[in-house]
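Here's the structure we're looking at; comments come further down.
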Amino acid sequence: MILETLLAVGVTVTLPMNAEVAGTEILLGEIAIVQGTDPELVRLIESIDVGYSPAPGYSRLLRADKLHQIVARRAPHVSVRFAGERTCRVRPLVREVPGAELLDAARTELDLAFSDEDATFVPVGEPLGVAVPAGLKSHEVRARLLPQAVTSGTVNVPVQVLVDGVVYRTVWTNWEVSAWQTVAVLAQPVRAGEAIHPAHLERKRVRLQNGTELTPLPAQFLSGAVAVRDLSVGETVTHLDIHRPTVISVGDSVFLRVRKGRITATVAGVAMQAGAVGDRIGVRTAGSDLDRRAVVLSRDLVRIDLGN
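In the numbering used here, the protein residues as written are 797 to 1104.
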C-alpha cells in the first residue's frame, strides 16, 4: 500500500536543449527543471548523479531516455515523467587558473623546502594558464615537492589544481636553483705532498654544484691532511684531493666528549677502530661492551653530538 502510494506521486523532469554545469559530476537538478507535489521527492530526484561533467572545450549530449533509466535505477519507488527536449547538450562552466598563480604555489613550496638553506630560485619560463571546470566552490592550487638533497641545478615542482577537493590537473613548473654554502677554500696554493694548515684556508660563500660534484670538506677535516695534487687558490677541497693520515689507531686511549644541548661531558675510552680526523670510529668506554660511533677531532679526542 505504501509503495503504491509512492508510485502514485508524480515528479516531472523537464529537459532543456542546452545546459551549463559546475563541478566534475552532473546532478539532474543542475540541467533540468524538476517539479512535483512532494518537496522531499523533488530534492531526491534533483540530487541524482547522471554522469561526469565534460572537460573544458568539450560537451556531452544527454538523452532523455537514458536519463530516465538512470532515475528508475536510483529511485525505483518514484513515478517520474520526462518532458521537454529529447536531448540536452551539456557544457561546463569554466574557470581560468593563470600561470602566475601556479608559479606562486610552486614558489611557496620551494620557500618551505629550502627554508633552512642558503638558496635562491628563479622560474625557467612561465607555465600557461589552465582551464578547469568551475567547481561548486573555489578551486585550490597546491604544490608538493619530494624531499631531496640541496644542490644547484634544475628542479621540477609539480603543482596540482583541485576542483571540489579532487585533483583535476597537475602542471609541472621548472626552476633554476642556486644553493650556496660557506666552506673552507684555499687562500694559498698547496703543492702535492704538502700538508694543509689552517693558514692555507679561508671561509667563503660558494655555489654548490649539481649532485654529480663532490662535497667540499669542512676545515676541521683538512688540517694536517696531505695534498695528493697541486691545489690552487680559491679551490674547495674534496676527499679525492687529499690524503688524511691516521691519527688514532685501534687500542689507543682517547677522550670521548659527549654533548647534549648545552651540557657536555668527557669520559675516557678506547678506540676500537683506526681513523683520520673527521672519520667516525667505534669507541668503547670503561665498563661497557657497547661500541659508540664518534667523530675523530684530534689524536686523542673524539666527539658524540646528541643534539638539543
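By construction, the Cβ of each residue, glycine as well, lies at the ideal position given by its N, Cα and C atoms.
Helix, strand or coil at residue i [DSSP, three-state]
i, result
"E826", "helix"
"L1027", "strand"
"L908", "helix"
"H1039", "strand"
"R987", "coil"
"I1044", "strand"
"R867", "Correcting the residue type first, residue 867 is Val in the shown sequence and not Arg. Here V867 sits in helix by DSSP."
"G853", "coil"
"V946", "coil"
"Q956", "strand"
C-alpha distance - residue i paired with residue j, whole-angstrom precision
i, j, result
"L1013", "V981", "9 Å"
"H1035", "I1044", "18 Å"
"Y848", "T820", "6 Å"
"E972", "T904", "15 Å"
"P1041", "S911", "37 Å"
"P894", "N814", "28 Å"
"A896", "A930", "19 Å"
"S948", "L899", "19 Å"
"L803", "Y964", "Annotation note: pLDDT 49 at L803 (below 50); position unreliable, coordinate value reported separately. Roughly 40 Å separates the two Cα atoms."
"S1084", "S1049", "15 Å"
"R839", "Y854", "28 Å"
"A983", "L942", "38 Å"
"H873", "L837", "10 Å"
"I1059", "R1076", "22 Å"
"M797", "E826", "Confidence in M797 is poor, its pLDDT being 42 and thus under 50, which makes the residue's placement unreliable; the coordinate value appears in the next sentence. For M797 and E826, the distance between alpha carbons rounds to 33 Å."
"A879", "A851", "27 Å"
"H864", "R856", "17 Å"
"R869", "V809", "16 Å"
Close beta carbons around residue i, own chain, < 7 Å, minus the five adjacent residues each side
i, result
"T801", "Below a pLDDT of 50, predicted positions are generally treated as unreliable, and T801, at 44, falls in that range; the measurement from the model is reported next regardless. If we look at T801 and ignore the five residues flanking it on each side, it has no Cβ neighbours."
"A901", "V937, R938, A939, V955"
"V986", "I992, H996, A1023, L1027"
"S1015", "In the sequence on display, residue 1015 carries Ala and not Ser. Correct list, in chain order: A980, L997."
Minimum C-alpha distance to residue i - residue among the options
i, options, result
"R999", "F1017, R1080, T978, H993", "T978"
"V1029", "L997, G1057, Q1016", "L997"
"P812", "G921, L824, A818", "L824"
"A1070", "I1059, L1097, A1082", "L1097"
"V886", "A1090, A818, L1093, V963", "A818"
"V890", "S843, L932, E842", "L932"
"R1001", "E892, D914, E990, G1078", "D914"
"E881", "L858, P919, T1060, N952", "L858"
"L908", "V953, G1078, T810", "V953"
"G1020", "S843, V830, R1095, V926", "R1095"
"V962", "T1011, V928, V1073", "V928"
Own chain partners of residue i with C-beta closer than 8 Å, once the 5 adjacent residues on each side are dropped
i, result
"R1080", "G1065, V1066, M1068, L1086, D1087, R1088"
"T1062", "F1051, L1052, R1053, V1054"
"G1103", "K1056, G1057"
"R1099", "L1052, R1053, V1054, R1055, A1090, V1091, L1093"
Proximity test, Cβ basis, 8 Å: residue i and chain C
i, result
"G806", "This model lacks chain C altogether, as it is built from one protein chain only."
Environment of residue i [buried if 16+ CB atoms lie within 10 Å]
i, result
"H935", "buried"
"P923", "buried"
"D845", "exposed"
"T969", "buried"
"G1047", "exposed"
"I1038", "buried"
"V807", "buried"
"I829", "exposed"
Closer than 7 Å: residue i CB and nearest the ligand SAH heavy atom
i, result
"T1081", "You won't find the ligand SAH in this model; it holds no ligand whatsoever."
6 Å CB neighbourhood of residue i in its chain, flanking five on each side removed
i, result
"A816", "Checking the sequence shown, residue 816 turns out to be Glu, not Ala. Hits under 6 Å: R887, L889."
"L1004", "T947, S948, A975, Q977"
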